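Report on one structure; see the data block that follows.
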Amino acid sequence: MYRRVSILLRKHFVSVLILCASIVIPFSSVKAADPAKGKALFQTNCASCHNVHKKLTGPALAGVEDRWPDKKLLHQWIHNSASVLASGDKYANELFNQYNKTAMTAFPSLSNEDIDDILAYVKNEEKNTPGGKTAVADPNANETADKGNDNSLLFGIITLILAVVALILMQINSNLNKLAGDKEGVPTADPVPFYKNKAYLALIILVLFMVGGYLTIQGAIGLGRQKDYMPEQPIFYSHKVHAGINQINCLYCHAGAEKSKHAMIPSENICMNCHKAIKEYSGPELTTAEGKKIDGTAEIAKLYDYVGWDPEAGKYTKPGRPIEWTKIHNLPDHVYFNHSQHVVAGQQQCQTCHGAITEMDEVHQFSDLSMGWCINCHRTTKVQFADNNYYSIFEKLHQDIKDKKIDSVTVEMVGGTECQKCHY
Amino acid sequence: MEQKKYWKGLEELHNTDAHQEIVKNEFSEELPFESEGLLNATTPRRDFLKYLGFTTAAAAIAASCETPVKKAIPYVNKPEEITPGVANYYASSYAIDGEYVPVVVKTREGRPIKMEGNTLSTITQGATSARVQGAVLSLYDTARLRFPSIGGTETTWAELDKQVGAALAGLGGAPVVLLSATLLSPSTKKVIGEFLAKYPNSRHVVYDAVSYSGILQANEASYGKRVVPSYHFENAKSIVSLGADFIGTWLNPVEYARQFAQTRKINAQKPEMSKLFAFESHMSLTGANADERYTHKPSETGAVALALLAAVGGSVTAPAIADKRVADGIKKAAESLKANAGKALVVSGSNDVNVQIIVNAINNIVGANGTTIDFAAPSNYRQGIDSDMTKLVSDMNAGSIGAVLVYGANPAYDYFESQKFAEGLKKVKLAVSFNDRNDETTELCKYIAPDHHFLESWNDAEGRTGYYSFGQPTILPLFKTRAIQDTLLTWSGNATTWADYLKNEWVSKLGGQEAWDKALQDGVVEPATAPALGGASFAGDIAGAAAKINSAKKGGGKLELVLYEKVAIGSGKLANNPWLQEMPDPITRSTWGNYACISNKLAKTYSTQLGDDYEINVEKKVLKVKSNGKEIELPLLIVPGIHPEVIAIAVGYGRGANVGRAAAGIGKNAYPFVSFNGQTFDYFTTDAAADATGAKETVALTQTHNSYEGRPIVKETTLEEFIKNPLEVNEDRRELKKFGPDFRKDATLYPNFSYPGIKWGMSIDLNTCFGCGACTIACQAENNVSVVGKEEVAKAHEMHWIRIDRYFSGDEDNPEVVFQPMLCQHCDNAPCENVCPVGATNHSSEGINQMAYNRCIGTRYCANNCPYKVRRLNWRDWNGADSFENNLYDVADMNDNLTRMVLNPDVVVRSRGVMEKCSFCVQRLQEAKLDAKKAGHPMKDGAAKTACQQACGADAIVFGNINDKNSEIYKIRNEQQVDRMYYVLEETHVLPSISYLAKIRNKDAAPKAEKAPAHKEEAHHA
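Those sequence lines, one after another, are chains A and B.
Here the UniProt record's numbering is used: the first residue of the first sequence is 1, the next is one more, and so on.
Here the UniProt record's numbering is used: the first residue of the second sequence is 1, the next is one more, and so on.
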């Protein structure tokens, strides 16, 4: 089950790049309608049936504004497609028939501005090629950064050279001593070869003991830690395809992240919301980390087998079986971790802990999930001190901000590094 | 005020040598090795090196194993209402043995893990008891029957239905009897009625193991109504209990204790409280909480009632009461009752019809009817009539009964002539049991059709007439059981399922599906406005009852025997519940078993070795108790305050081998001592004798495990003195002023820590803590506190995070009792924190004394340095939390995969060698804070409740943020209870976060001279 693969795309700047990209791109085309808002609306309301570039349950949305004769009609269609169909509109009826008479969900709650936002987003997206990679980091840059920071090899070599020099000098010293002694006629003991010299042996044993001890302790600390753990899963489920290319909101599947301590691995009925319609994989080629080619359509068929769906007949034909995913992120039992605390109260992005999940075909553990890693983040991360009224009780800290003694409040300052915040 | 002396046992009162020894060696613990000591071994050094090498190698191998692969398995189709990690709550009802407590059940991922009281019920108002708190564990009892069976072999329900159907058809008109304990469910009774209607001459016999037939029959004789009225202790200013333990075990104690508590809340602005008199034979929980308590022999119960009637002005001649103290007490009680006419109440625990008629007469005179006793909406808590049961048993033996269907009753164990019942059952053609386990009665039945646990089943309950509560499945049935109602519906040929049947009943009663849905959500349906209390006109034959009482035989023996129920175990129905077995009895502080309670005076007659230091030794002398021609052997236990000529034995023990591992073989069955007086069962005998057998047996007591060495930790005063000078109770706090105006800051060299956001604090009112133990079990359920078993309790290894210390004071024959819940005080200047070598226990910015289990290395320094003795070491691996296998120590099947389903997933189980203690239910605090953060508002007072606080029916525990000036805890400390509030061992400057409110007794102020009882005070470290 263990497959450790060196992942080059790591470190924070990948996510920073993604963030930058997602901020920069929308702002490059500022209009009355807000594509950034449209993106959120699209992902919440539309993404389960529509994609910008591909047909899903419904048509690809690229060029949708050009296809519809009238923007007003399009608004009406989105608000309530049945009324447009009833009015006998030709294009609408053709569309309806083309898509197996699957009625589009009515969205009476979306305002015209909302719809314009979505359309702006769609228009924006049209420019990107299908499967567009908005943010791909240069792996080499990462490597150089790694090397630049890591001087331990250099130090090691220098230490080794110095040690050899010291050894040689000491040998020379003892030889010279002997020679000097011989010259003055002072009898000196026969030289002891250095491998029999007790001082050397003691020194070597001491060094070995220290190095061995250091390695043992490091090994012991690392026990149970599984950074980069990337097990093979029963279905080759690609987060890159779902969350990256198709931009399905993380919370669509991991709905628990907002409500519960568990983010929740989605139940199979969530998969089937989309995969009743999406029977084939037509995206970019999928390969495992070892380079094995994966047939996406066959993986979807595996899902059908688990859930008992017959795609030909279009109905469930046998009782479903649960999928036994291999759990990647394992915390010890004595740690209490709550997703909703971090996602809702802390306003953290999933990527902060899980890395560039939208770029991972196979998910691996991005962070080492060690206590030091948790604590470091709690020391530096700022809480929503001014925005969340919960913190109004911290009167002294508010006063300190007012007095300009501090400029922000970190998790640590409100007790976020105390034992019983996570251990009980 | 002069400090009163408190003692937890006679050994402390008399400060014996053995007591001094045990105090000196409190923390020493013998190593659990059987060898003669490592140093005496022949090659200790070599062996040591071998062990060292082996263990290092073993640990290395164990540790270098690969991290196990874990699976995450989601639902195929997730139920809409379940979010893993978030609890769901369902309203339900606890209605075992006629006790009525509407509850709310907390479920996690579909598993019920905790029960709380339903605050929407006006009867219990969210109160619970230890048994209610413990009942959730019984759902996961490994001894539950898992399938229907015929003659001991598993069968299918279809086959069982077929065979029983044929057997019922073949009865040939012989009567069918459904034998049950009191049922509160009106719909179940309807189902039973419809089933029995199919068979001529059939009947439903209600049999209560601990009977209240006397009250029912007396009310029929006095008022023409065979009911238990509803009692309203909250309206009473003067209460007299004649052996009725209404706080602990009598009828529906959860309800009464809550009502009584409302009359005991007091502060200096409103210095009023009720007065409780108790006349009893042994020390009950109610007696322990009484303001005035008197003891008499059980055979004198009638005489005491008659004397009281005469004293309040009844037209009877008062019999002579020999004991002057009791006679004076009766006079006092009568005066109090008369002075509070219309606000007075007398209750009696006697099951004698005549005594109850006399009690009715007293209540009638003091104006209780319609004020503290309500006949308009009577209670249904007990319905069994004893003569119905005795008649059934003789009918069975006569062979005239065709079928007996047993549901929730267990007469083969708890009927006084259980042998006769068993023989009778053999003569019955068809014997069916619906019981949940293979208990003594079920073993005798051929057909076993196990019922669901109440948390798996639909139900309704009518505790008080017109007041309904409901039950709904909180989990799918764990086993192949079937609701008894479904079984009976099937057998009566009704194809409706019980769920539909109940729904149809209520939809038509409430007038719609929506109303039914709301009823299930709320859990209760009650009258919109409480109906006016109704009286009843008394028409009892006082003279006749008095004559019968006077002519009753007084017994020839020197000793008398009284049977009682323990608060945790009750009649014995929940006996196989390890939590309840291990809960220390409020009075004796003993766990796991029953014993013969006797006075110190009586104990000394058995052996000169017995006496004052007797409580220290866990090995107790065994007594052979004889009465009624029966005898049992039980260890004796000295209980101060018990009448010197009385032996008290708890029922509910001595269960059969198949009822479960926790109950089997624990204690002895005392039910055979019950007798039938022709009308009702008597729970006392007058001809007891007892001899020492020479054997010894362990009784696992907990109170002797810690010593405060006489330091003043309890404060109390009398009502009179409190009114005169409210501050007097805290006189010693003035001493603290000598450090400066602010004791917290001025009395220390250490810096003063600030608590910038929240600072948690708790207040415990000693006046309304009755010692019932609900908090102990609630804490155990909430925090996964381990069960350790009798042997380990005897070694002082019990794990309870909150214990209720019981202290006696005064005269050893008539002591006063005070209960003090003791839990981690979360000291701001905690002595435990300084001594931990690894920093495993430290302080949070919210004032919580935190315990990081994974840092703890088990030095026990913290426990030794804790002035409150609240830290608990895991001496063994109780939970299988160790890395090494086969270390598990489990005496009660607490680690079966089934039982472990009760564990709270938000709290870890602790491994061996780790210290633990109260965490202020930090998981609940964190959850409440997170909810507030997510909603974006400051925490509301009351949003975070600890488990003990929520369980307490008397609201003795208040918890909250003392930095919040609007919180209840802040108001109690700074506004309402400034006079009574104190901290335990405040002078040590540990700055506890828990404050206590001094106890106030409503008794005449004792003359000063009486305050220093004649004992060796000077020997104590004052």
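Beta carbons: idealized from backbone N, C-alpha and C, even for Gly.
Just so you know, these numbers come straight off a predicted model, no measurement behind them.
- Per DSSP, reduced to three states, the secondary structure at residue 204 of chain B is strand.
- Restricting attention to B:92, B:23, B:890, B:468, the CA atom closest to the CA of residue 128 of chain B is found in B:92.
- Within the segment 843 to 871 of chain B, those residues whose Cβ lies closer than 7 Å to any Cβ of chain A are, in chain order, 844, 845, 846, 848, 850, 852, 853, 854.
- When the five nearest sequence neighbours on each side are left out, the beta carbons in the same chain lying within less than 7 Å of the beta carbon of residue 700 of chain B are those of 590, 591, 592, 618, 790, 793, 794, in order along the chain.
- For the 8 Å CB-CB criterion, residue 646 of chain B and residue 714 of chain B do not form a contact.
- Taking the CA atoms as reference points, residue 903 of chain B sits about 9 Å from residue 785 of chain B.
- For residue 322 of chain A, a Cβ of chain B is located within less than 8 Å of the residue's own Cβ.
- Contact fails between the segment 323 to 332 of chain A and the segment 401 to 418 of chain A, because fewer than three Cβ pairs, one in each stretch, are under 8 Å apart.
- With 16 or more other Cβ atoms from the protein chains shown falling within 10 Å of its own Cβ, residue 223 of chain B counts as buried.
- In this structure, the CA atom of residue 558 of chain B is about 8 Å from the CA atom of residue 686 of chain B.
- For the pair residue 825 of chain B and residue 804 of chain B, the CB atoms are not nearer than the 8 Å cut-off.
- Distances from the alpha-carbon of residue 467 of chain B to those of B:81, B:836, B:265, B:377 put B:377 closest.
- Near chain B, meaning a CB-to-CB distance below 9 Å, the residues of the segment 221 to 237 of chain A are 223, 224, 225, 226, 229, 231.
- The beta carbon of residue 264 of chain A sits closer than 8 Å to some beta carbon of chain B.
- Rounded to the nearest whole angstrom, the CA to CA distance from residue 967 of chain B to residue 948 of chain B is 18 Å.
- When beta bridges are read from the DSSP output, residue 471 of chain B appears opposite B:459.
- Bounds of the alpha helix (DSSP H) holding residue 861 of chain B are 861 to 865.
- Residue pairing from DSSP leaves residue 256 of chain B without any beta-bridge partner.
- Chain order gives no chain B residues near residue 401 of chain A, where near means a beta carbon separation below 8 Å; the closest approach is about 13 Å.
- Chain A places a beta carbon closer than 8 Å to that of residue 74 of chain B, counting this residue as a contact.
- Look at residue 102 of chain B: its C-beta is not under 8 Å from any C-beta on chain A.
- Across the segment 339 to 352 of chain A, CB contacts with chain B closer than 7 Å involve 340, 341, 344, 345, in sequence order along the chain.
- Comparing C-alpha distances from residue 270 of chain B to each of B:999, B:995, B:977, B:177 shows the shortest one belongs to B:977.
- Scanning its chain for C-beta atoms nearer than 6 Å, with the 5 sequence neighbours on each side dropped, one finds around residue 341 of chain B the residues 366, 367, in chain order.
- In the DSSP assignment, residue 684 of chain B falls within the unbroken beta strand (DSSP E) covering 684 to 698.
- Going by beta carbons, residue 914 of chain B and residue 858 of chain B fall inside the 8 Å limit.
- The C-alpha of residue 339 of chain A is placed about 24 Å away from the C-alpha of residue 901 of chain B.
- Here residue 412 of chain A carries a helix assignment [DSSP, helix/strand/coil].
- Leaving aside the five residues that flank residue 571 of chain B on each side, the residues in its chain whose CB is nearer than 7 Å to its CB run, in chain order, 97, 209, 210, 414, 565, 651, 652.
- When C-beta distances to chain B are compared with 9 Å, the residues of the segment 307 to 321 of chain A below that value are 307, 308, 319, 320, 321, in chain order.
- The beta carbon of residue 452 of chain B sits closer than 6 Å to those of 477, 481, 483, all from its chain and outside the five residues before and after it, given in chain order.
- For residue 345 of chain B, the uninterrupted beta strand (DSSP E) run begins and ends at 344 to 348, by DSSP.
- The CB of residue 906 of chain B comes closer than 9 Å to the CB of 261, 336, 424 in chain A, given here in chain order.
- Closest option to residue 283 of chain B, judged by alpha-carbon separation, among B:506, B:46, B:841, B:249: B:249.
- Close partners of residue 256 of chain A in chain B (Cβ separation under 7 Å): 83, 84, 85.
- Beta-bridge partners assigned by DSSP to residue 306 of chain A: none are found.
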